[in-house]
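Novice:
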Amino acid sequence: MKLQHYLGGLEGLGPVWTETRVFVEPWETRIFGIHTAMMALSTQLPLPETPSTFKTVWTWADLRKGAESLNPFDYFKFRYYEKWLGGISGYFIENGYITAEELDALTEEYYADPAKPLPDGGDGAIDERIIQYLVEGDSPKRSDMTETNLAVGDTVSIRNVPSVEHTRLPGFLRGKTGTIETVYEGTYVYLCDTGPDGIGPAMPVYCIAFDPDVLWPGNAEPNFTLYADLYATYVEAPADDETAKAA
């Protein structure tokens, strides 16, 4: 494990509680709406112009980084949208939209009077842009051609890349070997550069099959295969070429 948000494949973590409701409290719908609006106003897609003062870039990756940079104890303490709220609030402070002092003062006002009306706002052009963004989406695919020296059937090793704020590589796959099941057509970007983690310019993406006995030696159920879609930066030919040929 490298970060607290990637615990898959680990044992002895205690009981798992799964919340089946999409939103637990009404305020969570507003957080989802704010996040969606921020993404729609950030995208470079040809969408309607708006009078919004939001001029920076916000992506799913920024949301994830904001949540995952929490102290691990806080990460496990807060619910899903509470982490979103923390990440979004930190982003607005870091980018100068509001100061921490202003945010604290507003928070205290609503603690003191929960029934206080929320500020009026909204603009038809912004609403139109958000709706169009939701309908059209934004594909990470950047080309139709894939240039790679790896092919279906190749045995590959999964790198143990450094991860600081955010990673797309599950901890339990690091240092393991698998077999390429699919080389996806085209090259793909992520929503932001992940720094030392390695995702940046558009690159190939592979579906890699893993034998559970390789991941959890002597402690895996039989007759199943685990598949993972991984960016090329995480994948490399084994150091021992003979091992790859033998496989």
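Numbering of the sequence shown is given in the UniProt record's numbering, commencing with residue 1 and proceeding in unit increments.
In this text, a Cβ means the ideal position worked out from N, Cα and C, and glycines have one as well.
Please read these numbers as outputs of a predicted model, since none were measured by experiment.
1) Per DSSP, V189 is paired with what?
2) Roughly how many angstroms lie between the CA atoms of E128 and T59, to the nearest whole one?
3) Spell out the partners DSSP gives V156 in its beta bridges.
4) Does Y111 pass the burial test, meaning 16 or more other C-beta atoms within 10 Å, or should it be called exposed?
5) The beta strand (DSSP E) with I131 in it runs from where to where?
6) Kindly indicate the opening and closing residues of the beta strand (DSSP E) around Y227.
7) Which value, in whole angstroms, describes the spacing of the CA atoms of W216 and L226?
8) Apply the 10 Å Cβ neighbour rule to R168 and answer buried if 16 or more other Cβ atoms are within range, or exposed otherwise.
9) Any idea if L63 is buried or exposed, counting beta-carbon neighbours within 10 angstroms, 16 or more meaning buried?
10) Measuring alpha carbon to alpha carbon, tell me which residue in P72, P119 and G66 is nearest I93.
11) Just to confirm, are D193 and G186 a CB contact at a threshold of 8 Å?
12) Distance check for G86 and F76, CA to CA, integer angstroms please.
13) Secondary structure at I208, three-state DSSP: helix, strand or coil?
14) Count the other CB atoms within 10 Å of the CB of N172; is the residue buried (16 or more) or exposed (fewer)?
15) Is it right to say W27 is buried, meaning 16 or more other beta carbons lie within 10 angstroms of its own, or is it exposed?
16) Note the first and the last residue of the continuous beta strand (DSSP E) segment covering S143.
17) Closest to T146 by C-alpha separation, out of L47, Y231 and E25, would be which residue?
18) Here's the rule I'm using: 16 or more other beta-carbon atoms within 10 Å means buried, otherwise exposed. How should I31 be labelled?
19) Spatial neighbours of Y162 within its chain, please: CB distance less than 8 Å, with the 5 preceding and 5 following residues excluded, ordered by chain position.
20) In the structure shown, what three-state DSSP assignment does V22 receive?
21) Look up V161 in the DSSP assignment and say whether it is helix, strand or coil.
22) By Cβ distance below 7 Å, which residues in the same chain neighbour T20 in space, the five residues on each side in sequence not counted?
23) Given that a residue counts as buried once 16 or more other Cβ atoms are within 10 Å of its Cβ, and exposed if not, what is L118?
24) So is W17 buried or exposed if we call it buried at 16+ other beta carbons inside 10 Å?
Specialist: In terms of the structure at hand:
1) Bridge partners of V189: none, in fact.
2) 19 Å
3) G178
4) exposed
5) Segment G124 to E136 is the alpha helix (DSSP H) holding I131; no beta strand (DSSP E) there.
6) L226 to Y231
7) In a straight line, the C-alpha of W216 is about 11 Å away from that of L226.
8) Counting the other Cβ atoms within 10 Å of the Cβ of R168 gives 16 or more, which makes it buried.
9) buried
10) Out of P72, P119 and G66, the CA that lies nearest to the CA of I93 is found in G66.
11) No; because the gap between Cβ atoms is not below 8 Å, this pair is not in contact.
12) 13 Å
13) In the three-state reduction of the DSSP assignment, I208 falls in the strand class.
14) Rather than Asn, the amino acid found at residue 172 in this sequence is Phe. Buried: at least 16 other Cβ atoms inside 10 Å.
15) Classification for W27: exposed.
16) K141 to S143
17) Y231
18) The C-beta of I31 has 16 or more other C-beta atoms within 10 Å across all chains shown, which makes the residue buried.
19) This sequence places Pro at residue 162; Tyr is not what is there. The answer, listed in chain order, is P196 and D197.
20) coil
21) coil
22) none
23) exposed
24) exposed
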